[in-house]
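Numbering (this note's numbering), first residue to last: 26 to 460. Beta carbons: idealized from backbone N, C-alpha and C, even for Gly. Read the structure below first, then the notes.
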Amino acid sequence: MKKIHVGLIGFGTVGTGLAQTLYKQKDRLIRKTGVEFVLSRVADINIDSLPEHFSGATLSNDANDIFTDPEIDVVVELIGGMEPARTFLIEAINHGKHVVTANKALLSVHGKEIFEAAVANNVEVGFEASVGGGIPLIKSLKEGLVANKIEAIMGIMNGTANYILTKMTDDGVPFDEVLKDAQEQGFAEADPTYDVEGIDTAHKLAILMTIAYGKNVHLDDINTEGISNIEPIDIEFAREFGCRIKLLAISHNHGSHVEARVHPTMVPESHMLANINGAYNAIQFTGDTVGNVLLYGPGAGMMPTGSAVAADVVDIGRNILCGSINRVPALSYLPENIGTPKITPMAELTCPYYFRITAMDKPGVLATVAGIFKDHNISIKSVIQKSRHEHEPVSIVIHTHLANEESVQKAITEIDALDVCTQDTVKIRILLDDE
C-alpha cells in the first residue's frame, strides 16, 4: 500500500488536532483513498515526548530534520507567526516538499512569495485551515464555485469577536467584562488585539479575495476597524433599529476595482448573518451564476482546524498517487493570470450610517448637528435622543439614508469640534437589507 509520509512542525493545539485526526481516521482514509497517511516526523522545541500512540513518529527540535528527510512527502507548518514560519515553508518548498499551513497572517502578507516558490518547484500549497477553521471555504471557492464570477464576499470570520458581541447583545454586558470572560474560557488570547481589532478577520479576507478575484490582495489593502469601542448603548440602539452588531468582512467586486473592508456593522435581524451567534463563523459568497451561498460552522478549535489541515494532506496525497500535482491551482486562477488589485478607496463607500453623538443637553444642539449633516449632503432618516440624569451629557442617535464615507468623515470632524460635544462620535455602518 502506498504511504504518504507527513512531517509536522509544531505539536500545539492544531498540530495535536491533525495528529489525532490522522490517527483516529486512519482506516477510513485508507478506504477512501487507498493510501496510508503516516505521521513520520515532528519538530517542536517545547515538548520532550509525543503521546504513546504516536511512538512511530520521530521527535526533533530541529525543523531541518524534516526538510532533509527524503521520505517526507508533505510538510505541515502549524507554529503560526511570521518567522520562522515563512523561512520554514520556503525551505520545505525548496527541498521539493509539498506544504500545508493554517497560517493566515503569513499568507496575507507573504503569500505571493510562498505561492510563487511553490510554482517554481512544482509543489502544492494547502491552506484550507487558514480561513474558517473546519468550514471548507477555500475548497468551495476554488472548486465548487469555479464557474462563477465572485461578485461579493461577506461574513463573520472571527469567533472571538462574534462571541463577545453575542454576549454583549444577549446579556447587556460591557465589552471589557465579556472579553475577560472570553479569555477565562479560552475563546480569547491573553493579547486579544488581532481578534477584537479586526486584524485576524482582515488576514482571512485578504486570502479569500485573492482566490475569488485572481488578484494578489495584501493585508495592507484592507481597511480595518475593530469592536473595542462598541458599548452596550450601541447594542440597545441597534435593537431599536431592528439590527444586531457584527464584525463583518465585506468585499464587493466592481470589475475595475474591489472593496476590501472589515468593521463593525449593524446587520438587519432578517439577514442570515445577524443570527450567527457565539464563537461560530459564517461566510457568504455571491456568484453571478449560483447567487448567494452561505457556509457556517466552527471557525477555530483543535479538532475542527485539525480536520481542515488533514483535508489538505489527503488532497495532496491523492494528487501524488495520481501524478496530478497542481491539478487545481493553489489560488484557483493559473499563476500567470493573477494580477494586482485596485482597491476601492474608502472615501467612495456609500451606505447608511448610525451615529451616536454625546453632547451637553442644551437648546439648539440637535439643530446644529442637523445643519452640519445638511451641509455635507447627509440625509437623516431618524433621530433618537435619550437623556440621562440632569446636567449629564445626552446621546443623540442618528440613522441616515445612504451617505458618502468622505462626507461622513468631514461631518464627524466638525461635530466633534463643537464645544458641547463631550466624547468622540461613534459611527457604525449599516448593512443594506438586500446585501
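Beta bridge counterpart(s) of residue i as assigned by DSSP
i      : result
Leu378 : What sits at residue 378 in the sequence shown is Tyr, not Leu. Answer is Arg454, bridged to Tyr378.
Gly364 : Lys240
His120 : Answer is none; His120 lacks a bridge partner.
Gln410 : Ile421
Ala68  : Ile34, Ser85
Ala274 : Gly180, Val287
Val125 : Val101, Gly151
Arg269 : Val292
Cys446 : Ala384
Val63  : His30
Tyr305 : Pro323
Asn248 : Arg286
Val318 : Phe310
Residue i (DSSP reduced to helix, strand or coil)
i      : result
Leu356 : coil
Gln208 : helix
Ala325 : coil
His369 : Looking at the sequence provided, one finds Thr at residue 369 rather than His. Looking at Thr369 - three-state DSSP - the assignment turns out to be coil, as it is neither helix nor strand.
Thr425 : strand
Gln434 : helix
Lys387 : coil
Ile440 : helix
Gly312 : strand
Lys174 : coil
Asn254 : coil
Val134 : helix
Ile224 : helix
Ile405 : strand
Val339 : helix
Asn146 : coil
Asn300 : helix
Gly159 : coil
Gly40  : helix
Ile55  : helix
Ser349 : coil
Met193 : helix
Met234 : helix
Ala186 : helix
Glu108 : coil
Cβ pair residue i, residue j closer than 8 Å
i      : j      : result
Leu356 : Thr235 : yes
Gly42  : Met327 : yes
Ser155 : Leu132 : yes
Leu298 : Lys271 : yes
Leu103 : Val39  : yes
Val461 : Val31  : Outside the shown range of the chain, which is 26 to 460, sits residue 461, and nothing can be said about it.
Val408 : Ile423 : yes
Val329 : Gly158 : According to the sequence shown, residue 329 is Pro rather than Val. Cβ distance < 8 Å, so Pro329 and Gly158 count as in contact.
Arg381 : Phe262 : yes
Thr461 : Ser404 : The first residue shown for the chain is 26 and the last is 460, placing residue 461 beyond what the model contains.
Ile455 : Tyr379 : yes
Thr191 : Asn302 : yes
Gly180 : Ile308 : yes
Ile421 : Val394 : yes
Val463 : Val334 : The requested residue 463 does not occur in the structure, where the chain is confined to residues 26 to 460.
Val287 : Gly239 : no
Gly493 : Thr46  : In the structure as shown, the chain begins at 26 and stops at 460. Residue 493 is therefore absent and cannot be evaluated.
Thr249 : Leu273 : no
Asn317 : Ile175 : no
Asp98  : Ile345 : yes
His228 : Lys129 : yes
Ala82  : Leu75  : yes
Val353 : Lys167 : yes
Ala44  : Phe79  : yes
Asp87  : Arg66  : no
Asn146 : Ile118 : yes
Met339 : Leu54  : Position check: residue 339 holds Val in this sequence, whereas Met was assumed. For Val339 and Leu54, yes; Cβs fall inside 8 Å.
Ala207 : Ala213 : yes
Chain-order list of residues whose beta-carbon lies under 7 Å from that of residue i (same chain, five-residue window excluded)
i      : result
Val445 : Ala384, Met385, Lys387, Val390
Lys137 : Asn241
Ile437 : Thr450, Lys452
Ser276 : Ala177, Ile178, Leu230, Met234, Val283, Glu284, Ala285
Val198 : Lys192
Glu294 : Gly267, Cys268, Arg269
Gly468 : There is simply no residue 468 to check, as the chain begins at 26 and stops at 460 in what is shown.
Thr116 : Note that residue 116 corresponds to Glu in the displayed sequence, not to Thr. Phe92, listed in sequence order.
Cβ shell of residue i (< 8 Å), same chain only, five flanking positions each side left out
i      : result
Glu373 : Asn429, Glu430, Glu431
Tyr305 : Ile181, Gly184, Asn187, Tyr321, Gly322, Pro323, Gly324
Ile72  : Phe36, Leu84
Pro161 : Glu153, Leu320, Ala333, Ala336
Thr93  : His120
Gly106 : Asn128, Ala130, Leu131
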